[in-house]
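Novice: Residue 283 is where the sequence shown starts when you use my numbering, and the numbers rise one by one after that.
C-beta atoms are modelled at their ideal positions from N, C-alpha and C, and glycine is treated no differently.
What you are looking at is a predicted structure, and each value in this text was computed from that prediction instead of being measured.
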Amino acid sequence: MDWLRKEWFLIALLGAIVLASLWPELGASGGLLRLDGASDVGVALIFFLTGLGLSTTEVGRGLANWRVHVLVQVSTFVLFPLLGVALAWAGAGWLPEGLLLGMAYLCALPSTISSSVAMTVIARGNVPAAVFNATLSSLLGIVATPALLALTAHAGGAQLEFMPAVIKLGRMVLLPLLVGQAARPLLGDWLARNKKRMSLIDRGVILMFVLNAFSDSVRSGLWRDHGAGLLVEALVGATLLLAIVLVLTTWAARRAGLSTEDEIAVVFCGSKKTLASGIPMARLLFGAHPQLGVIVLPIMFYHQVQLITCSVLAGRYARRN
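(1) So D498 packs on P572, CB below 8 Å; how close in whole Å?
(2) So, at 7 Å on beta carbons, what are the nonlocal neighbours of K554 in its own chain, with the 5 sequence-adjacent residues on each side left out?
(3) Taking the alpha helix (DSSP H) that H571 belongs to, which residues open and close that run?
(4) Is it buried or exposed, N494, if we count other Cβ atoms within 10 angstroms and call 16 or more buried?
(5) Is the beta carbon of L331 less than 8 Å from the beta carbon of M454?
(6) Can you tell me the Cβ-Cβ gap for V548 and T531, rounded? I've got them flagged as a contact below 8 Å.
(7) Which residues in the same chain have their Cβ closer than 6 Å to the Cβ of A254, if we skip the five residues on either side of it in sequence?
(8) At 4 residues or longer, what runs of the alpha helix (DSSP H) sit wholly inside the stretch 432 to 503?
(9) Just the C-alpha distance for A437 and P580, rounded to the nearest angstrom, thanks.
(10) Is there a C-beta anywhere in chain D that falls below 8 Å from the one on R602?
(11) Note down the Cα distance separating A456 from N476, rounded to an integer number of angstroms.
(12) Tell me whether the beta-carbon of L504 lies closer than 8 Å to the beta-carbon of G560.
(13) With a CB to CB cut of under 7 Å and the five nearest residues on each side skipped, what residues in its chain are close to F583?
(14) Would you please state the rounded distance, in angstroms, between the beta carbons of V487 and L361? I believe it to be under 8 Å.
(15) Contact check, V367 vs T427 under 8 Å by CB: the rounded distance?
(16) Quick one: is P446 buried, meaning 16 or more other Cβ sit within 10 Å of its Cβ, or exposed?
(17) Out of curiosity, what's the CA-to-CA distance linking I449 and P467?
(18) State yes or no: is the C-beta of F414 within less than 8 Å of the C-beta of V341?
(19) Using the rule of at least 16 other Cβ atoms within 10 Å of the residue's Cβ for burial, across every protein chain shown, is V492 buried or exposed?
(20) Give the single residue among A465, L364, L513, T358 whose Cα lies nearest to the Cα of F496.
(21) Measuring alpha carbon to alpha carbon, tell me which residue in R536, G569, A525 is nearest L365.
(22) Would E443 be called buried (16 or more neighbouring beta carbons within 10 Å of its own) or exposed?
(23) By how many angstroms is the C-alpha of D507 removed from the C-alpha of S337?
(24) Please report the straight-line C-alpha distance between A558 and A538, rounded to a whole angstrom.
(25) Round the Cβ separation of M401 and F550 to the nearest angstrom and send it over; I've been treating them as touching at under 8 Å.
(26) Grouping DSSP H, G and I as helix and E and B as strand, with all else coil, what is W305?
(27) In whole angstroms, what separates the C-alpha of A535 from that of A294?
(28) A510 by DSSP, collapsed to three states: which one?
(29) With respect to the alpha helix (DSSP H) encompassing S545, which residues constitute its N-terminal and C-terminal limits?
(30) Closest by CA to M563, which one among H585, I483, S419, I424?
(31) Helix, strand or coil for P410? Go by DSSP, reduced to three states.
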């Protein structure tokens, strides 16, 4: 029962895929639940809550450690995209185009705030640096993610117009985030008291997007065209990507002569990719793309693999310290 409580979100994600496969008309666009009609509200709600929970005081404490900042942001927005292009080149011709686009999208995403900081805390690393870099990455992602996709999305057989994407993300991501930040003096304490309940809303919206995306893809012939092997390909690709980045960020931090505490921040912030922002942003950037379910598969698997792997690493760092 403890395992079920801890892993309910993973089970729910898999359940959404199964439900979409068995009954696509339930969650598909224009289907019984009309989930596509609530997508804009769901995106705005997620980023409003993100802004509401963001402490500028904590962010400011990590400002001075520039070497950590450079390594984390280079890993997130340079190393990952280069690896994504390499994977797309290696997989061209035998991996589905939607999956290649999903890998390019995964590699263009910013880091995640919550789990980056949580793992750094467990490992006894430089928490202020982790908070600063995860937050900076999320803000840079509003421009960097569509820019990188515009450069690399052709590897997955798609084109993305940069400026319309940035304007859309500014309206649906940055604006709600700023409104949430402005409301923090009034609602910040309330959010802290109700953090668990709000996380349920956050994850509920993500599940709604996943169900909608997979329902649309199943209705467009997802399993008929690709089969269950698609899941294995996405899992292997995500796992390989994480392994490479963990090795390279650890090596880079040690070559730079960073302390163990700073190395921890670099490894965890530089290897993370955000599911909480990634799923809603995919909906904004790709809209009603018939392969949206395939596109979000890599980030879904990457999220779970990084949580398991980084939990083990955090424990080892903590014992070493």
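Specialist: So, to answer that:
(1) Sequence index remark: in the sequence shown, residue 498 carries index 216 (1-based). Sequence index remark: in the sequence shown, residue 572 carries index 290 (1-based). About 7 Å; that satisfies the 8 Å criterion.
(2) Here residue 554 is taken as the residue at index 272 of the sequence shown, counted from 1. Within the same chain, K554 has close Cβ partners S393, T394, S397, S398, Q588.
(3) In the sequence shown, the residue the question calls residue 571 occupies position 289. Run containing H571: none; DSSP gives neither H nor E here.
(4) Residue mapping note: residue 494 aligns to position 212 of the sequence shown, counting from 1. With 16 or more other Cβ atoms within 10 Å, it is buried.
(5) Walking along the sequence shown from the start, residue 331 turns up at place 49. Walking along the sequence shown from the start, residue 454 turns up at place 172. Going by C-beta atoms, L331 is not nearer than 8 Å to M454.
(6) What you label residue 548 is simply residue 266 of the sequence shown in a count that begins at 1. What you label residue 531 is simply residue 249 of the sequence shown in a count that begins at 1. About 6 Å separates the two Cβ atoms, so the contact holds.
(7) Residue 254 is absent from the structure shown; the chain starts at 283 and stops at 603.
(8) 444 to 451, 457 to 475, 477 to 501
(9) Position 155 of the sequence shown holds residue 437. Position 298 of the sequence shown holds residue 580. Summary for A437: the model assigns pLDDT 49, below 50, so the residue's position carries little reliability; its value from the coordinates is reported in the next sentence. Between A437 and P580, the C-alpha separation is close to 15 Å.
(10) The displayed structure is made up of one protein chain only, and chain D is not part of it.
(11) In the sequence shown, the residue the question calls residue 456 occupies position 174. In the sequence shown, the residue the question calls residue 476 occupies position 194. In the sequence as presented, Ala is not what sits at residue 456; that position holds Leu. Distance between the alpha carbons of L456 and N476 is about 23 Å.
(12) As a first step, residue 504 is located in the sequence shown; it is residue number 222 there, counting from the start. As a first step, residue 560 is located in the sequence shown; it is residue number 278 there, counting from the start. Result no, Cβ atoms of L504 and G560 do not sit closer than 8 Å.
(13) Residue mapping note: residue 583 aligns to position 301 of the sequence shown, counting from 1. So the list reads A516, L517, A520, once near-sequence residues are dropped.
(14) The count along the sequence shown starts at 1 and reaches residue 487 at position 205. The count along the sequence shown starts at 1 and reaches residue 361 at position 79. Going by Cβ atoms, the distance from V487 to L361 rounds to 30 Å, so no, they are not a contact pair.
(15) Here residue 367 is taken as the residue at index 85 of the sequence shown, counted from 1. Here residue 427 is taken as the residue at index 145 of the sequence shown, counted from 1. In fact, because the Cβ distance is near 15 Å, the residues do not count as touching under 8 Å.
(16) As a position in the sequence shown, residue 446 is number 164, starting the count at 1. Per the 10 Å Cβ criterion, exposed.
(17) Position 167 of the sequence shown holds residue 449. Position 185 of the sequence shown holds residue 467. Spanning the two alpha carbons is a distance of roughly 28 Å.
(18) On the sequence shown, residue 414 is found 132 positions in, with the first residue counted as 1. On the sequence shown, residue 341 is found 59 positions in, with the first residue counted as 1. A contact, by the Cβ cut-off of 8 Å.
(19) Position 210 of the sequence shown, counted from the first residue, corresponds to residue 492. V492 should be labelled buried.
(20) Translated into positions along the sequence shown, residue 496 becomes position 214. Residue L513 is the option with its Cα nearest to F496.
(21) Taking the sequence shown and counting its residues from 1, one reaches residue 365 at position 83. Checking every option, the nearest Cα to that of L365 belongs to A525.
(22) Residue numbering aside, residue 443 sits at position 161 when the sequence shown is read from its first letter. That one is exposed.
(23) Numbered from 1 along the sequence shown, position 55 holds the residue referred to as residue 337. Numbered from 1 along the sequence shown, position 225 holds the residue referred to as residue 507. Rounded to whole angstroms, S337 to D507 spans 46 Å at the Cα level.
(24) Within the sequence shown, residue 558 is the residue found at index 276, counting from 1. Within the sequence shown, residue 538 is the residue found at index 256, counting from 1. Cα to Cα, the separation comes out at about 31 Å.
(25) As a working mapping, residue 401 is identified with position 119 in the sequence shown. As a working mapping, residue 550 is identified with position 268 in the sequence shown. Yes, they are in contact, since the Cβ atoms of M401 and F550 sit about 4 Å apart, within 8 Å.
(26) Looking up residue 305 in the sequence shown gives position 23. Correct three-state label for W305: coil.
(27) As a working note, residue 535 is residue 253 in the sequence shown. As a working note, residue 294 is residue 12 in the sequence shown. C-alpha separation (whole angstroms): 36 Å.
(28) Indexing the sequence shown from 1 puts residue 510 at position 228. Coil at A510, not helix or strand.
(29) Locating residue 545 in the sequence shown gives position 263, where the first residue counts as 1. Just to set this straight, residue 545 is Glu in the shown sequence, not Ser. It spans 542 to 553 - the alpha helix (DSSP H) in which E545 sits, taken as one unbroken run.
(30) Locating residue 563 in the sequence shown gives position 281, where the first residue counts as 1. Answer by Cα proximity: I424.
(31) Position 128 of the sequence shown, counted from the first residue, corresponds to residue 410. Correct three-state label for P410: helix.
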